[in-house]
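*Asks:* Here it is, the structure, as structure tokens.
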Amino acid sequence: MQLGPGGRDGLEDYSIRDSWLLKALLFIAACYLVLAAVQIFGGIMMRRAQAYSLCLVASVSAAASFWMLSAWAVPLTLGLWALVVLLRRDVRELFASGVDARAILQGYDKPLAAADSHDKASLAGDWQPPPPEAAEAAATLQWPALGLIVSGVWT
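The opening residue of the sequence shown carries number 508 in my numbering; numbering runs sequentially from there.
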């Protein structure tokens with residue numbers, strides 16, 4: 508074994524903080540956390556039928572998570588399922604209406620934001636109750652949204 512200057516083997520001078528491997532692992536862990544947060548938050552917003560573009564990004568990120576070395580078949584399947592549901596016309600119309608899916612499923616006749624804030628002015632606005640087919644679209648969103656949340660936790 509070659510000894511370095513001063514009779515040491517040189518390993519004492521090597522610090523793990525200077526390691527490129529540690530930096531790479533931290534970067535990969537940060538990517539995992541960001542993707543997981545996007546998928547979980549996208550699933551929560553999907554259950555509410557809010558933030559359509561975030562829900563699309565969450566479903567695509569779940570479907571494209573095959574590059575992660577974890578068990579990629581589950582997030583791929585759940586992400587594609589959520590993407591197919593999000594691209595349906597009735598679901599897009601539900602997102603465009605701005606009505607909270609929880610309000611439709613629970614049978615409220617007013618928007619939840621206005622009901623929560625007790626704002627009489629927003630209740631008296633031009634809000635219209637959702638059409639009956641919106642209830643089916645809201646119910647369709649619930650399971651794929653839960654799948655996105657599971658996919659985020661899985662990642």
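Beta carbons are placed, not taken as given, at the ideal position from N, Cα and C, and that holds for glycine.
Which same chain residues end up closer than 8 Å to ALA544 when comparing Cβ atoms and leaving out the 5 residues on each side of it in sequence?
*Replies:* So the list reads GLY659, once near-sequence residues are dropped.
*Asks:* Go through its chain and collect everything with a Cβ distance to GLY550's Cβ below 7 Å, but skip five positions before and after it.
*Replies:* Counting only Cβ-Cβ distances below 7 Å, and skipping sequence neighbours, we find ALA565, ALA652, LEU653, LEU655, ILE656, GLY659.
*Asks:* Rank ALA536, PHE602, SER572, GLU643 by C-alpha distance to the C-alpha of ARG555 and give the top, closest one.
*Replies:* Per the Cα distances, PHE602.
*Asks:* Within 10 angstroms of the Cβ of ALA645, are there 16 or more other Cβ atoms? Answer buried if so, exposed if not.
*Replies:* Buried, since its Cβ has 16 or more Cβ neighbours within 10 Å.
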